[in-house]
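Quick mapping for you: the protein sequence lines, in order, are chains E and V. Taking this note's numbering, the leading residue of the first sequence gets 1, the next gets one more, and so forth. Taking this note's numbering, the leading residue of the second sequence gets 1, the next gets one more, and so forth. Think of the CB as a built atom: it goes at the ideal place given N, C-alpha and C, for glycine as much as any other residue. I have placed the structure first, in the form of structure tokens, so that the comments after it can refer back to it.
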Amino acid sequence: MGITAFLAMVRKDLLLFLSDRRAVIVAFAVPVVIGSFIGSMTNGAGRGDEPLRIKVALADLDGSAISQAIVTGAQADKNLNVIVTSADDGRDQVRKGTVTVAVIIPKNFGDGAGRAFFRGSSVEKPELGVLSDPSRAVEVGMVRGILMQHVMESVSTAVFSGQSGSRFAADALTALESSQMPPDRKRLLKEMLTGVQRYYRESTPSSTTGGTGGVFSMPYVVREEEVTSGSRVPYNGYAHSFAGMGIQFLLFAALNMGVEMLVERQRGLWRRLRSAPVSRYMLLGARAASTTVISLATLLVSFGFAMIVFGVRIEGSVVGFAMVAVSCSMMAATFGLLVAALGRTPGTARGVSTLAVLVMVMLGGAWIPSFLFPKWVQAITVVVPVRWAVDGLDATTWRGLGLSSAVVPTLALLGFTAVFALITVTRFRWEEP
Amino acid sequence: MLEIRHLRKTFGPLVAVDDVSFSVEPGQLVGLLGPNGAGKTTTVSIIAGLVAAERGDVLVGGKPMSGDTDPLKRKIGLVPQDLALYDELTAQDNLRFFGALYNLSGAALKSAMTSALTLVGLADRARERVKTFSGGMKRRLNLAAGLLHDPDVLLLDEPTVGVDPQSRNAIFDNLEELKRRGKALLYTTHYMEEAERLADRVVVIDRGKVVANDTLAGLYAGAGEKAGGRASLESVFLTLTGRSLRD
Chain E
1 MGITAFLAMV RKDLLLFLSD RRAVIVAFAV PVVIGSFIGS MTNGAGRGDE
51 PLRIKVALAD LDGSAISQAI VTGAQADKNL NVIVTSADDG RDQVRKGTVT
101 VAVIIPKNFG DGAGRAFFRG SSVEKPELGV LSDPSRAVEV GMVRGILMQH
151 VMESVSTAVF SGQSGSRFAA DALTALESSQ MPPDRKRLLK EMLTGVQRYY
201 RESTPSSTTG GTGGVFSMPY VVREEEVTSG SRVPYNGYAH SFAGMGIQFL
251 LFAALNMGVE MLVERQRGLW RRLRSAPVSR YMLLGARAAS TTVISLATLL
301 VSFGFAMIVF GVRIEGSVVG FAMVAVSCSM MAATFGLLVA ALGRTPGTAR
351 GVSTLAVLVM VMLGGAWIPS FLFPKWVQAI TVVVPVRWAV DGLDATTWRG
401 LGLSSAVVPT LALLGFTAVF ALITVTRFRW EEP
Chain V
1 MLEIRHLRKT FGPLVAVDDV SFSVEPGQLV GLLGPNGAGK TTTVSIIAGL
51 VAAERGDVLV GGKPMSGDTD PLKRKIGLVP QDLALYDELT AQDNLRFFGA
101 LYNLSGAALK SAMTSALTLV GLADRARERV KTFSGGMKRR LNLAAGLLHD
151 PDVLLLDEPT VGVDPQSRNA IFDNLEELKR RGKALLYTTH YMEEAERLAD
201 RVVVIDRGKV VANDTLAGLY AGAGEKAGGR ASLESVFLTL TGRSLRD
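Okay, structure coming up:
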């Protein structure tokens, strides 16, 4: 008796789902479209594309060798898109939002920086103007760090070059004579500056070109490597975006099934179902099974598209991926039942549960990385099932981790499934006046 | 075939059904009449197993019915007041689904579907989606879904609401055919002329209690004696339940 009725209920739900063209489009096509869009925004250099460059306006009011070196260095930086302009135009562009930061190198910056290099706090340090867009704090922080690198390189190169280095050292020696520094420290500093002068005088007659002869330079080089599933496997941003959008829309599909149950109740269909010799658990279980199938199909269609079109791969455990996908679909199915159990009318249930889904996917990191959230928000994401689903799918796709990485997310999702199912069974309204 | 004994059901402070008893024999149609909120639908819901009674018994073929999965529920068919059909599915997909709930499959299911569709005159529309049907066709399919598993008892909760005279007449013909086949029919309605045409007995229920349970002739006779003239079922009904408006 049981299996015939059970399969009939699952089949009926699938037929109804497929007969609703809008529901099919929402479930399958929309996550593909949105996932593609978000993936294209976040893919970075994963497929050999140019990295996203931060737009910076640079105004050189100094024109010295140091300031020109800073401009040249910034222009060559792969992370910056530098526009050389005037100070006023730079400020205007930041205000309009067309550039993130405007850097103003003031007049006499080069001289001031060179003097300050040897004489520390005894001279006034020149100010480098940084005008920033307050809404783009992360990018401003990046520009500040990149700028520091180019300024330090330019200034250190200049002060240790033959002609200008000797001049800065001579100025420092003159100032040292009249300083109030303790005699022993003054003697040591004088020896160092004299040594610098002698070094350039004797070893680099061609130093007027400003070279450091390979002696003074940045003490390290940076070797960047994207840590993904393998040393030669680039990060594919589509893996994360399709995971996020797939989960979001499978939750919407489940929500829709829950609302449909309320519509069925309104239309009297539930009375007919209940009058059959079928248990309550079978009625709910069949609905959970059909919703799980639809949810899983939603996720797999999304990932299938991403694999075929954008080269997303399950770099880690395929079994782990399947575990996370199935448990995520089960969680979504019981979430749909929860909507039916707690909802009073289809209209209000749809509104409230849509809000709940949006909050879950936002907090779960499906839209934007969760590390951008305040710490307390990050802490509460452990009670958001989407977070575990995203973590599990990320782990088994682009991170390339093994089966063990899927165990905790799977258990967490099954835990949410159990909680949602328990609430549904205890709160479902079986009798109506 | 169907025996109701001392049913009682409350919803909070509301006593929906209070000590209701009556029976329906094979080949008999009993009209269950009552004003809005009298307890008709709750009574039908208890018989169909949708609502649990606090007291009393529902006996089918002499056996008490209990629980969601009681096999005795196979002997009961429900035709709800609402059009309990899936509009997006075809007529045959609807029937295939409702038949499977009663464990019908394969040739038995196909035969039952053909028989039910033929009875209600929709055999040639089986492959069409229900959403393309008129109100009367949906009502007839609603009836077909209730008798698909060949129940001994058919509960009909206002099955002719909102249909045109032709479809209503067709449904009446179907019900008379079912009576001839020996089915026990319990029929709730607000239309007195329907009860007058179809019912062998009439049970009038008001404020949860049975206020009359007799044949039409018996009801007319009793009311005629009281009123001193010829009675109609409507006048009997109003005499029994009063003329005050109900919520």
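C-alpha distance - residue i paired with residue j, whole-angstrom precision
i	j	result
E:A254	V:A170	41 Å
E:G141	E:M41	20 Å
E:V382	E:A412	9 Å
E:L262	E:F252	15 Å
V:L122	E:A322	46 Å
V:L154	E:V425	30 Å
E:T348	E:P374	31 Å
V:D157	E:V32	47 Å
V:V20	E:L414	47 Å
V:L143	E:S19	24 Å
V:E25	E:V361	59 Å
E:V130	E:F118	24 Å
V:Y86	E:I3	21 Å
E:K190	E:Q68	30 Å
E:S370	E:L401	20 Å
E:S404	E:G364	21 Å
E:E260	E:M148	59 Å
V:P35	V:L14	16 Å
V:R140	V:P159	9 Å
Nonlocal neighbours in the same chain, by C-beta distance under 8 Å from residue i, ignoring five residues either side
i	result
E:A366	A243, G244, M245, I247, Q248, V386, V390
Cβ shell of residue i (< 6 Å), same chain only, five flanking positions each side left out
i	result
V:L240	V204, V211, A212
V:G39	A16, V17, I205, G208
E:A421	T334
E:G311	none
Residues near residue i in its chain [Cβ-Cβ closer than 7 Å; skip 5 each side]
i	result
E:G73	H150, E153, S154
E:G214	Per-residue confidence for E:G214 stands at a pLDDT of 46, beneath the threshold of 50, marking its modelled position as unreliable; the derived number appears in the next sentence. Within the same chain, E:G214 has no close Cβ partners at all.
E:V419	none
E:G392	V324, A406, P409, T410
V:N103	none
E:G97	D133
E:M282	G2, A5, F6
V:E128	T90, A91
E:W270	E264
Closer than 8 Å at the beta carbon, the chain A residues around residue i
i	result
V:S105	Structure shown: chain A not included; protein chains present are E and V.
Check whether residue i and residue j have beta carbons under 7 Å apart
i	j	result
E:L342	E:A288	no
E:V10	E:S290	yes
E:S353	V:D68	no
V:T42	V:K9	yes
V:Y187	V:L7	no
E:D60	E:T100	no
E:Q93	E:A137	no
E:G112	E:P126	yes
E:D62	E:F28	no
E:Y199	E:S166	no
V:A100	E:A8	yes
E:G237	E:V339	no
E:G268	V:P80	yes
V:G135	V:V163	yes
Neighbour list for residue i in chain E, Cβ cutoff strictly below 8 Å
i	result
V:D68	R274, P277, V278, S279, R280
V:R140	Residues of chain E passing the Cβ test: none, with the nearest at roughly 15 Å.
V:R74	P277
V:L78	R271, R272, S275
V:A144	Here the premise fails: no neighbours, minimum Cβ distance about 12 Å.
Cross-chain neighbours of residue i in chain V, by beta carbon under 9 Å
i	result
E:A253	Neighbours of E:A253 on chain V: none; closest Cβ ~16 Å, over 9 Å.
Neighbouring residues, chain V, relative to residue i (Cβ below 7 Å)
i	result
E:A8	F97, A100, L101
E:K96	Going along chain V, no residue has its Cβ under 7 Å from E:K96, so there is no contact; the nearest lies around 52 Å.
Amino acids of chain E, ordered along the chain, whose beta-carbon sits closer than 7 Å to that of residue i
i	result
V:E88	L16, S19, D20
V:V51	E431
V:D250	Chain V is shown only over 1 to 247; residue 250 of chain V falls outside these bounds and no answer can be derived.
Listed by chain order, chain V residues near residue i by CB distance under 8 Å
i	result
E:R267	D82, L83, A84
E:K375	Under the 8 Å cutoff, chain V gives no residues; its nearest Cβ is about 48 Å from E:K375.
E:K78	Result: empty, since nearest Cβ-Cβ is about 55 Å, beyond 8 Å.
Can you check the segment 177-203 of chain E for any alpha helix (DSSP H) of at least 4 residues that lies completely inside it and give the ranges in chain order?
Secondary structure remark: continuous alpha helix (DSSP H) runs of at least 4 residues inside the segment 177-203 of chain E, in chain order: 183-203.
Quick one: which unbroken alpha helix (DSSP H) runs of 4-plus residues sit fully inside the segment 127-167 of chain V? Chain order, please.
Within the segment 127-167 of chain V, the complete alpha helix (DSSP H) runs of at least 4 residues are 135-147.
Report the residue ranges of all beta strand (DSSP E) runs contained in full by the segment 76-122 of chain E; include only those spanning at least 3 residues, in chain order.
Runs found: 80-84, 101-105.
Please go through the segment 229-296 of chain E and give each complete alpha helix (DSSP H) segment of 4 or more residues, from N-terminal end onward.
Runs of the alpha helix (DSSP H) inside the segment 229-296 of chain E: 237-266, 269-275.
Quick check on the DSSP output: what are the complete alpha helix (DSSP H) runs of length 4 or more inside the segment 355-430 of chain E, in order along the chain?
Given a length threshold of 4 residues, each whole run of the alpha helix (DSSP H) inside the segment 355-430 of chain E is given here in chain order: 375-380, 385-396, 404-427.
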